[in-house]
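Using full-length UniProt numbering, read the sequence shown as starting at 1 and increasing by one per residue. The block underneath contains the structure these notes are about, expressed in structure tokens.
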Amino acid sequence: MRGPLFYSKILLFGEYGIIKDSKGLSIPYNFYNGALKIDKHHTVSTHKSNASLKRFAEYLETLQTENPKLVSFDMEALKKDVENGLYFDSSIPQGYGVGSSGALVAAIYDKYANDKITVLENLTREKLLTLKAIFAEMESFFHGKSSGLDPLNSYLSLPILINSKDNIEPAGIPSQTENGKGAVFLLDSGSTGETAPMVQIFMENMKQEGFRNMLKDQFVKHTDACVEDFLQGDVKSLFGNIKQLSKVVLDNFKPMIPAQFHKLWKKGIDSNAYYLKLCGSGGGGYMLGFTEDIDKARKALKDYKLEVVYSF
Numbered sequence: 001m002r003g004p005l006f007y008s009k010i011l012l013f014g015e016y017g018i019i020k021d022s023k024g025l026s027i028p029y030n031f032y033n034g035a036l037k038i039d040k041h042h043t044v045s046t047h048k049s050n051a052s053l054k055r056f057a058e059y060l061e062t063l064q065t066e067n068p069k070l071v072s073f074d075m076e077a078l079k080k081d082v083e084n085g086l087y088f089d090s091s092i093p094q095g096y097g098v099g100s101s102g103a104l105v106a107a108i109y110d111k112y113a114n115d116k117i118t119v120l121e122n123l124t125r126e127k128l129l130t131l132k133a134i135f136a137e138m139e140s141f142f143h144g145k146s147s148g149l150d151p152l153n154s155y156l157s158l159p160i161l162i163n164s165k166d167n168i169e170p171a172g173i174p175s176q177t178e179n180g181k182g183a184v185f186l187l188d189s190g191s192t193g194e195t196a197p198m199v200q201i202f203m204e205n206m207k208q209e210g211f212r213n214m215l216k217d218q219f220v221k222h223t224d225a226c227v228e229d230f231l232q233g234d235v236k237s238l239f240g241n242i243k244q245l246s247k248v249v250l251d252n253f254k255p256m257i258p259a260q261f262h263k264l265w266k267k268g269i270d271s272n273a274y275y276l277k278l279c280g281s282g283g284g285g286y287m288l289g290f291t292e293d294i295d296k297a298r299k300a301l302k303d304y305k306l307e308v309v310y311s312f
């Protein structure tokens, strides 16, 4: 058995903000993917994934018992496949903010959910929200709390625009320019990040009125503007807003930025060669970079590995 491929994702805008109803924009990233497979020989390399799927199956069984209206699975088939050596064969790096658990959740839902909502049917807003709710419950096994967006992106393989918690829709994004100089890129921090502790820090900060005000008046404001600019292809305005967003993150989300990158982050803002922002929850993994001139950015970041994910 080999299941269909599910891709990684990149949340271009909206990390942390979407918890507080900012806009968000998430795009599939086809460079990394994963698929369910069965290893009949139970080799050492697949053991960890298989053991994790065994725990996940137990969690899903509890989930459907507690919330039968939300989702139910063919548990018999899932358990049998796990016994036979089911694992998730994935090139998606874990703890890098590109949705490794999201792709796994999408794959499990696709293969084992009863009465599943498929990509081929007319996806009404209601169906999208139902899928998002199912995926949020499924993925919380890995993160403690999940918005359900990563699996949704992976499952549909479409860019998704988040207008608010209860308002999401597939989005058309401007097509890429072949030899455009502007680019969105991933910058490898060289270490993995853990989602749960980062979200914990954020939730603690949310108890302070000053932080809540900053989030509403600055972070969400600039995030929403970035989403609008990106969708409309207004590059000039976009870079103005990204610069502001990058500043706000450096000033208020320091724990989420690996310490050795604080200077590099500031250097981008001061030189305008590139602007960095968080990719996912931060703490390690990838950071997301935006530049109007990729050659200039490569030169300024010559000691680091850049992966271009979108060209203007």
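Glycine included, C-beta positions come from ideal geometry on N, C-alpha and C. Quick caveat, the model's predicted, so the values are computed rather than measured.
Relative to the Cα of Ser311, the nearest Cα in the group Tyr155, Ile173, Asn163 and Gly3 belongs to Ile173. Within the DSSP secondary-structure output, Gly24 pairs in a beta bridge with Ile162. In terms of Cα proximity to Leu86, the closest of Asp293, Glu209 and Arg2 is Arg2. Within the same chain, Cβ atoms closer than 6 Å to the Cβ of Lys243 are found at Tyr275, the five residues on either side in sequence being excluded. In the same chain as Phe290, and ignoring 5 residues on each side of it, the C-beta atoms closer than 6 Å to its own belong to Val184, Ile242 and Tyr275, in chain order. Here the alpha carbons of Gly24 and Ile117 stand approximately 23 Å from one another. For Tyr274, there is no enclosing alpha helix (DSSP H), as DSSP gives it neither H nor E.
Annotated as proximal: Ala107 and Phe88, with beta-carbon spacing under 8 Å.
The DSSP assignment places complete alpha helix (DSSP H) segments of no fewer than 4 residues inside the UniProt domain "GHMP kinase N-terminal" (86-150) at 100-112 and 125-143, in order along the chain.
A distance of 8 Å or more separates the beta carbons of Arg212 and Met203. A check of alpha carbon separations from Lys80 across Asn67, Val105 and Lys54 identifies Lys54 as the nearest. If you compare the alpha carbons of Lys296, His42 and Met256 with that of Lys267, the shortest gap goes to Lys296. Straight-line spacing of the CA atoms in Gly285 and Trp265 works out to 15 Å. With the rule of 3 Cβ pairs closer than 8 Å, the region 140-156 counts as touching the region 1-18. Its chain contains Tyr112 as the residues whose beta carbon lies nearer than 7 Å to that of Ala77, once the 5 sequence neighbours on both sides are disregarded; these appear in chain order. Between Val105 and Met75 the beta-carbon gap is near 16 Å, outside 8 Å, which marks them as no contact.
For Gly283, there is no enclosing beta strand (DSSP E), as DSSP gives it neither H nor E. Residue range Val44 to Glu66 is occupied by the alpha helix (DSSP H) that includes Asn50. With the rule of 3 Cβ pairs closer than 8 Å, the region 15-31 counts as touching the region 217-225. Out of Asn163, Asp251 and Ile27, the CA that lies nearest to the CA of Gly210 is found in Asp251.
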